[in-house]
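Structure, as structure tokens:
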Amino acid sequence: MIPWKLVLKNIRGYRKRSVVTVVLSAITTALLVFSSAIMDGSHNTMIKNAVEIYPGYMQITHRDFRDTPGYENLIFDLDSLRRSLANIPDIAAYGARFETYVLYSTEARSVGGMLTGIEPRAEKQLSRMASSLYEGEYLDDEDGAVVYIGFELAKRLKVGIGDELAFIGNGADYSMAADVVTVKGTFRTGLFDFDASAAFMNKRYLDEVMVSRNMATHVIVLPANVEDCGKIEDRINQEVGGDNVAESWFRTMASLVQAMKLDSVFGYITLGIIFIVIFFVIMIYTLLTVYARVREVGVMRAIGTTPWGIFVMLVSESVLLSLVGVLLGGLLGACVAYYFYLNPMEFAGYEEQFKQYNMVATAIPADFAPLVIARDMLIMFVLCVCSTLYPILRLNRYRPMDAIRHV
Amino acid sequence: MKHYLLTILCLLFIFVDHCPAEEMDIDTLMQQVEEALNGKTAQMNLTMRVKTSRLERTIKMESYSVGKDKSFIKITYPRKDTGVTFLKIDNAMWQYVPRIERVIKIPASMMLQSWMGSDFTNDDLVRESSIADDYHCKLIEKGDEYLVELIPKEDAPVVWGKLLMWISKEHLIPTKVRYFDEENQPVRVLFYNEFKKFGDKMYPSKWVMENETIEKKGNQTIMEITEAVFDQPVADHYFTKRALKQFSQ
Amino acid sequence: MFKMILKIALLSLFRRLSRTVSVVLMISVSLWGLLFMEGLYEGMMEQMINNAIRSDCGEISVFAKGYRLEMDIKNLITDPDGVEGFLKSDPRIRSYVKRLEHQGLAATAHYSRGVAFYAIDSKAEQQQGRLHEYIEAGDFTFGTKGKGVIIGAELAKKLKVKIGRKIIISAQATDDEIASMALKVTGIIRTNNMGLDDGAVFLDLATFSDLLQVSGGVSRFAFFVQDPELIEGVQESMQARFPDLEVFRWDQLYPALMQSRVMMKWFNLVTAFLVFSAAAIGIIGVMLVSVLERIREFGIMTAIGTEFRQVAGVVLVESLLIGLAGYLVGSLLGGFTLWHFKEKGLDLTMFSEAFNAFGMDAITYAIIRPDYFITPFAAILIAAILSALLPLRILYKANPIKAIGEI
Chain A
1 MIPWKLVLKN
11 IRGYRKRSVV
21 TVVLSAITTA
31 LLVFSSAIMD
41 GSHNTMIKNA
51 VEIYPGYMQI
61 THRDFRDTPG
71 YENLIFDLDS
81 LRRSLANIPD
91 IAAYGARFET
101 YVLYSTEARS
111 VGGMLTGIEP
121 RAEKQLSRMA
131 SSLYEGEYLD
141 DEDGAVVYIG
151 FELAKRLKVG
161 IGDELAFIGN
171 GADYSMAADV
181 VTVKGTFRTG
191 LFDFDASAAF
201 MNKRYLDEVM
211 VSRNMATHVI
221 VLPANVEDCG
231 KIEDRINQEV
241 GGDNVAESWF
251 RTMASLVQAM
261 KLDSVFGYIT
271 LGIIFIVIFF
281 VIMIYTLLTV
291 YARVREVGVM
301 RAIGTTPWGI
311 FVMLVSESVL
321 LSLVGVLLGG
331 LLGACVAYYF
341 YLNPMEFAGY
351 EEQFKQYNMV
361 ATAIPADFAP
371 LVIARDMLIM
381 FVLCVCSTLY
391 PILRLNRYRP
401 MDAIRHV
Chain B
408 MKHYLLTILC
418 LLFIFVDHCP
428 AEEMDIDTLM
438 QQVEEALNGK
448 TAQMNLTMRV
458 KTSRLERTIK
468 MESYSVGKDK
478 SFIKITYPRK
488 DTGVTFLKID
498 NAMWQYVPRI
508 ERVIKIPASM
518 MLQSWMGSDF
528 TNDDLVRESS
538 IADDYHCKLI
548 EKGDEYLVEL
558 IPKEDAPVVW
568 GKLLMWISKE
578 HLIPTKVRYF
588 DEENQPVRVL
598 FYNEFKKFGD
608 KMYPSKWVME
618 NETIEKKGNQ
628 TIMEITEAVF
638 DQPVADHYFT
648 KRALKQFSQ
Chain C
657 MFKMILKIAL
667 LSLFRRLSRT
677 VSVVLMISVS
687 LWGLLFMEGL
697 YEGMMEQMIN
707 NAIRSDCGEI
717 SVFAKGYRLE
727 MDIKNLITDP
737 DGVEGFLKSD
747 PRIRSYVKRL
757 EHQGLAATAH
767 YSRGVAFYAI
777 DSKAEQQQGR
787 LHEYIEAGDF
797 TFGTKGKGVI
807 IGAELAKKLK
817 VKIGRKIIIS
827 AQATDDEIAS
837 MALKVTGIIR
847 TNNMGLDDGA
857 VFLDLATFSD
867 LLQVSGGVSR
877 FAFFVQDPEL
887 IEGVQESMQA
897 RFPDLEVFRW
907 DQLYPALMQS
917 RVMMKWFNLV
927 TAFLVFSAAA
937 IGIIGVMLVS
947 VLERIREFGI
957 MTAIGTEFRQ
967 VAGVVLVESL
977 LIGLAGYLVG
987 SLLGGFTLWH
997 FKEKGLDLTM
1007 FSEAFNAFGM
1017 DAITYAIIRP
1027 DYFITPFAAI
1037 LIAAILSALL
1047 PLRILYKANP
1057 IKAIGEI
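Protein chains in written order, with the numbering used here: chain A, 1 to 407; chain B, 408 to 656; chain C, 657 to 1063.
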């Protein structure tokens, strides 16, 4: 039904128009694909950073722990929780933490801060504590009275590698818990507040001081596939339920998620405005080129082609051209996105900004998601075709005799 | 007639001697109460039991104090906490932890944290606001016991909205104190029970602090005085920072 | 002569009405979009900066040397009266406030929390800053005897206090003893600066300095100058006059804000460029075709003796008319939209969590500035003129006889 031969002939015949239309749609598609990739990439990176530095993708805590943190709301049977977790598939790693607040004391000063017992080997997969090593060494599972301390905290207390440091706090049974430890290493995450008030020890050893064996404040879980957080959260809650509850990062870090959404909204608004402009450009261009063929159309009408037939022919041309343009542009955009996926963009000079907002400035890769790219291409395709509809419809309104006489 | 009046007057005087508080004004009463509670000096052996919904813990200690301004406490049980010492002089508090061999001054931020996990705060031990300085007292009832309402003075640095204190007429020592917040909700109640004779003095040997807020309902801290000597001189050297480490053993 | 040129230009524009309208629409929509984004983003930016400046650091802050690193109450400004005298006498300085800052504890019968104390002079702060605008409940006053406090809204929630309730504050005085006093809550404040709302207690300067035994002590002077241009100059003269104090500009204390501002300006520039490129493309396209279509016409005109100058005039005027129309419509639309959001503000409270986390208000007010309209005017003018050049070149080269023969 569609006069393909005619369509192709027209496309080849009006070469300049074809080329320009294809180029316009290609450029815009490439722009959309690339912008989406960068926006998604930057958001995902920010979220990844915020989640992976310490909080983790999923946390299991006592039901009431988030609202009322304290020793009344601990995970009291860590061993049975571990056994339950072992039965759940699709979990890549998990580890327990015992977070408590203590008073750190050196000759120079006393400073309050957080002290957390971790399982060093498991923690390597669960957070970036190990990779944030600044000086000295990270912890391992056999460690005793040594501590892995934040870089800024070490500065405040005026200690370095090998120096001694005392802390006092309360054990899980409220007894006095205190110890003298040696600084084994310092870490620097880039999050100023964190680096200025946090320190870590081997949980197995800290459990003796804190009388917290078989107890934990958190169990951090890393799913095999980060996208499946929701499903695994449900699964864990079914198995473990009761006193403890599992929560994914999008619940524990709600404000960050919202901020990213907001940024997306603004990003898309900006893109939207740009695309409205492009829409008009294509429409205008089509208007111009289509009007150049008024006579031709008039002749076709005169020999009996129905308006519908004209419409079909012109729209087919437009569809074909848009398709080619979108495919080319999509390919181009995808290649550029892929390049920046492998070679993330650096953000020199913006460290201060990130520090202020307690974010970490790292290189930001573009997101390479074929599905998203396909979606973007589809959107552009529809946009391009629609922008040609109006001129085509206008064209059809000409009466054949007027059309033939058109200058 | 005159004889009759004289007899009555004598009888009245006798009664006055036996029930002096009847005629005393509230401020003098409270002053006596405070003195009776604190003693000029005190040396005590105490056992403290902390009960929460989750666990029960027992701590034993020795305490030396002069009035309200100076006190020295040494923990003697359990083994894990043995040797921990506390020193309070006026408003400041220090502690010594033998395990780390350090003397630590307790900063303002830790003052309102619970002392050794009990329902008492560091501040309770340190400040023990003076009734006379910080409260207006009003006698409400004079039944079996005195019921006194204590309203904090305008500028007094106490967190309570008001206190209700039941005082034993016989011993002039409180039997129960209830602490209210500013909305008149009870926050905690302190019972002074089991009066025993220590030397010359009748003194409550069992203090029970119960938490009355919704979050911590059921939590209890029980202090039992196993031995006490009042108003004997206490050596000054207990109240120095050196003492913290020295008497830790 | 000009009238004739104008008539011809107008006629030819109206002859191809849909085409003309399309271009005008394109220019005006993109201009409208650009204005909207510029005004809104700049509004957001300025609000953020103002929040910080007015509630915290002023345009310039003065501290004792080393105070910022170790906020020790023993390291206060040594000659506060001298500094005050300087600030009063220098005509470049518009207003100033003095503050005493310290950390300590705030407690009620139920809870206690570590807080940051800001001892201020409420009258001076009202004149200079915006703090009083953020009062949510109660008043911006410390009562007749200076025994009141104004606390952050989130802090009030945690401590469970209302107006009129008592708060006990404790802090370490200069004699190393802990000093406490009872104060009444006279106001509750919500600044959207999380740090303040969560942990700030504002109280009377004299009351606090007496409590800490540093009568007349000042830890910071914050002030505004008559014109932002003067900031650096005033900073220099002040630093020279008081060599043992540290004088900071706001962007040195909040470098992130300055960076955000710079980034925003860049962003606006890029968008403006994109929009105007599109506009130029549109005009060129239309003008080109329009001229080529009428090459016969122009040929005839030249043949009957019209000078090239006049023919060029027609083309130029057409181009300018299109540009002007687009500019007018776009400015009207954009101006109206901005004015609407300037008065009513853009309500984004559904993203309020995200905003609060970054210290911004959920209701954004747009900004309108004259140069929003001047730059586009110049740009469109230039685009219109440039767009006419190519068609003119073609006309110039054309041979009248051949042109007449064209179809």
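Positions of the beta carbon are idealized from the N, C-alpha and C atoms, including for glycine. Bear in mind that the values here come from a model prediction, so they are computed numbers and not experimental data.
Where residue i falls: helix, strand or coil (DSSP)
i                       : result
residue 627 of chain B  : strand
residue 996 of chain C  : helix
residue 34 of chain A   : helix
residue 158 of chain A  : coil
residue 653 of chain B  : helix
residue 1037 of chain C : helix
residue 599 of chain B  : strand
residue 766 of chain C  : coil
residue 377 of chain A  : helix
residue 180 of chain A  : strand
residue 215 of chain A  : coil
residue 1048 of chain C : helix
residue 76 of chain A   : coil
residue 488 of chain B  : helix
residue 591 of chain B  : coil
residue 450 of chain A  : This structure gives no information on residue 450 of chain A, because the portion of chain A shown stretches from 1 to 407.
residue 341 of chain A  : helix
Minimum C-alpha distance to residue i - residue among the options
i                       : options                      : result
residue 1037 of chain C : C:975, C:904, C:880, C:666   : C:975
residue 386 of chain A  : A:328, A:319, A:374, A:342   : A:319
residue 301 of chain A  : A:241, A:325, A:396, A:328   : A:396
residue 791 of chain C  : C:768, C:852, C:767          : C:852
residue 203 of chain A  : A:196, A:195, A:197, A:212   : A:212
residue 441 of chain B  : B:540, B:566, B:622          : B:540
residue 662 of chain C  : C:986, C:1019, C:968, C:1035 : C:968
residue 394 of chain A  : A:375, A:341, A:146, A:297   : A:297
residue 685 of chain C  : C:896, C:935, C:714          : C:935
residue 709 of chain C  : C:913, C:1050, C:966, C:953  : C:913
residue 162 of chain A  : A:271, A:6, A:176, A:181     : A:181
Nearest-angstrom Cβ-Cβ length linking residue i and residue j, presumed shorter than 8 Å
i                      : j                      : result
residue 637 of chain B : residue 449 of chain B : 5 Å
residue 489 of chain B : residue 503 of chain B : The pair is not a contact, with the Cβ atoms about 12 Å apart (cut-off 8 Å).
residue 676 of chain C : residue 951 of chain C : Between residue 951 of chain C and residue 676 of chain C the Cβ distance is about 19 Å, and since that is not below 8 Å, they are no contact.
residue 221 of chain A : residue 34 of chain A  : Between residue 34 of chain A and residue 221 of chain A the Cβ distance is about 35 Å, and since that is not below 8 Å, they are no contact.
Proximity below 8 Å, CB of residue i to CB of residue j
i                       : j                       : result
residue 105 of chain A  : residue 167 of chain A  : yes
residue 811 of chain C  : residue 855 of chain C  : yes
residue 455 of chain B  : residue 525 of chain B  : yes
residue 947 of chain C  : residue 926 of chain C  : no
residue 1047 of chain C : residue 955 of chain C  : no
residue 992 of chain C  : residue 1021 of chain C : no
residue 754 of chain C  : residue 874 of chain C  : yes
residue 990 of chain C  : residue 691 of chain C  : yes
residue 942 of chain C  : residue 288 of chain A  : yes
residue 239 of chain A  : residue 58 of chain A   : no
residue 678 of chain C  : residue 283 of chain A  : yes
residue 169 of chain A  : residue 102 of chain A  : yes
residue 482 of chain B  : residue 501 of chain B  : no
Interface residues of the segment 661 to 694 of chain C facing chain A [CB-CB below 7 Å] | Taking 7 Å as the upper bound on Cβ-Cβ separation, chain A lies near residues 674, 675, 678, 679, 681, 682, 685, 686, 689, 693 of the segment 661 to 694 of chain C.
key: Residues within the segment 160 to 184 of chain A neighbouring chain B, beta-carbon criterion of under 7 Å   = Of all residues in the segment 160 to 184 of chain A, 166, 168, 170, 173, 174, 175, 176, 178, 179, 180 have a Cβ within less than 7 Å of some Cβ in chain B.
Check your understanding: If contact means a Cβ-Cβ distance below 9 Å, which residues of the segment 462 to 483 of chain B contact chain A?
Key -> For the segment 462 to 483 of chain B, the residues whose beta carbon sits under 9 Å from a beta carbon of chain A are, in order, 462, 464, 466, 482.
- Query: When Cβ atoms are compared, which residues of the segment 821 to 851 of chain C fall closer than 7 Å to chain B?
  - Reply: Listed by position, the residues of the segment 821 to 851 of chain C near chain B (Cβ gap below 7 Å) are 821, 822, 824, 826, 827, 828, 833, 834, 836, 837, 838.
Could you please tell me which residues of the segment 755 to 783 of chain C, in chain order, have their CB closer than 7 Å to any CB of chain B? Residues of the segment 755 to 783 of chain C with a C-beta less than 7 Å from any C-beta of chain B: 760, 761, 763, 764, 765, 766, 768, 770, listed in chain order.
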